[in-house]
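What follows is a single structure, written as structure tokens, with notes after it.
Number of protein chains: 2
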Amino acid sequence: MSFDKELLRGTLELMVLHLIDTGDTYGYALTSRISELSEGRIDLKEGTLYPVLYRLENESMIESSWSTPERGVPRKYYRITEKGRARLSELRQEWHAFVECVKRVLRG
Amino acid sequence: MSFDKELLRGTLELMVLHLIDTGDTYGYALTSRISELSEGRIDLKEGTLYPVLYRLENESMIESSWSTPERGVPRKYYRITEKGRARLSELRQEWHAFVECVKRVLRG
DNA sequence: ATAATATACTTAGCGTCACTAATTATATTG
DNA sequence: CAATATAATTAGTGACGCTAAGTATATTAT
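Heads up: the sequence lines are chains A and B, in that order. Sequential numbering of the first sequence, starting at 372, is according to the working numbering. Sequential numbering of the second sequence, starting at 372, is according to the working numbering.
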């Protein structure tokens, strides 16, 4: 039902950075958001998403801070940095160019 | 200049199977064909392409036979099998569905 | 109260696969 | 005959999405 995991490689960072860019959010919410937007076709497990977030934070693409909501358990909120926005723009361009390339190969 | 290698994952098989489907061919020619069609953006090294071909042959998606051209060194020609054609059709669908998903996420 | 469930984050270890790099071999060209 | 182009093979590396298990708090059900 779901996609070959290899396909996710290279686009996961793009999607995560984009969603963080559209509004500060936290890990658990990102998995549901991606699942929702992809109509259940992309079902990220925690073991997949969190390492992506740590990588991005480690490279200063995003920053985090703990926050406890009125109800519920503490959450680690992420926001994108300037560096992250630049990277996002690059990744977006790269993705579109790549899709174009594959399209050309599949026509040839 | 070239794409992040992670992007190639998941689409390499698709592109290779497609090109073999459009006409019997051999490894070395595939790299130049893909480079040409992608305007140099996808530059497969032998160490990348040949293992793909061996995998595909091992799974009976393609078949090979040696053939010596009138001029030049012997080549290993590949042709697609019925099983390979079925797989190609699946991969093509999966790819298009995935691109759609990413598009939706990047809009959300 | 307490057990059960939902939310939320962490982390160790695995397998796949594109990569680098080196090797072998024949054919053609200078 | 050396140098280059063509063509295939293969050993080893690293990135990263995955499984799976764990920690911890909050809410709901019994």
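Cβ atoms here follow ideal geometry from the backbone N, Cα and C, with glycine treated the same way.
Residue span of the beta strand (DSSP E) that contains residue i, given as start and end
i       : result
E434(B) : 433-438
Same chain, Cβ closer than 8 Å to residue i, five either side skipped, listed in chain order
i       : result
H389(B) : L459, R463
Y421(A) : G398
F374(B) : R412, I413
Boundaries (first-last residue) of the alpha helix (DSSP H) holding residue i
i       : result
T402(B) : 398-408
S414(A) : The sequence as given places Asp at residue 414(A); Ser does not occur at that position. Looking at the DSSP string, D414(A) is not in any alpha helix (DSSP H), and its letter there is neither H nor E.
D392(A) : 383-392
Top-ranked residue by Cα proximity to residue i, from the options
i       : options                            : result
E471(A) : G411(B), Y399(B), L420(B)          : G411(B)
G479(A) : V387(B), E453(B), M432(B)          : V387(B)
Y449(B) : E407(B), F469(B), I433(B)          : I433(B)
G455(A) : L379(A), T393(A), S373(A), K376(A) : T393(A)
P445(A) : R426(A), D414(A), A400(A)          : A400(A)
W437(A) : E430(A), D375(A), T396(A), G418(A) : T396(A)
E377(A) : D375(B), R380(B), G443(B)          : R380(B)
K447(B) : F374(B), I405(B), S373(B), I391(B) : I391(B)
M451(B) : S435(B), D375(B), D414(B)          : The question names Met, yet the displayed sequence has Ile at residue 451(B). Checked all of S435(B), D375(B), D414(B); the closest Cα to I451(B) is S435(B).
L477(B) : N429(A), L385(A), S403(A), S406(A) : L385(A)
T419(B) : E453(B), E430(B), I405(B)          : I405(B)
E430(B) : F374(B), A457(B), V473(B), K474(B) : A457(B)
E428(B) : R442(B), E453(B), A468(B)          : E453(B)
Sequence-distant residues of its chain with Cβ nearer than 6 Å to residue i (five each side left out)
i       : result
L383(B) : V423
I413(B) : I405
T439(A) : P445
T402(A) : L415, L420
Buried versus exposed, by CB contacts within 10 Å (16 or more), residue i
i       : result
W466(B) : buried
R426(A) : exposed
S409(B) : buried
Proximal residues to residue i (C-beta, below 7 Å), its chain only, five neighbours per side dropped
i       : result
K474(A) : none
Taking the runs of the beta strand (DSSP E) that are 3 residues or longer, which of them lie wholly in the segment 417-466 of chain A? Here the runs fully enclosed are 433-438, 446-451.
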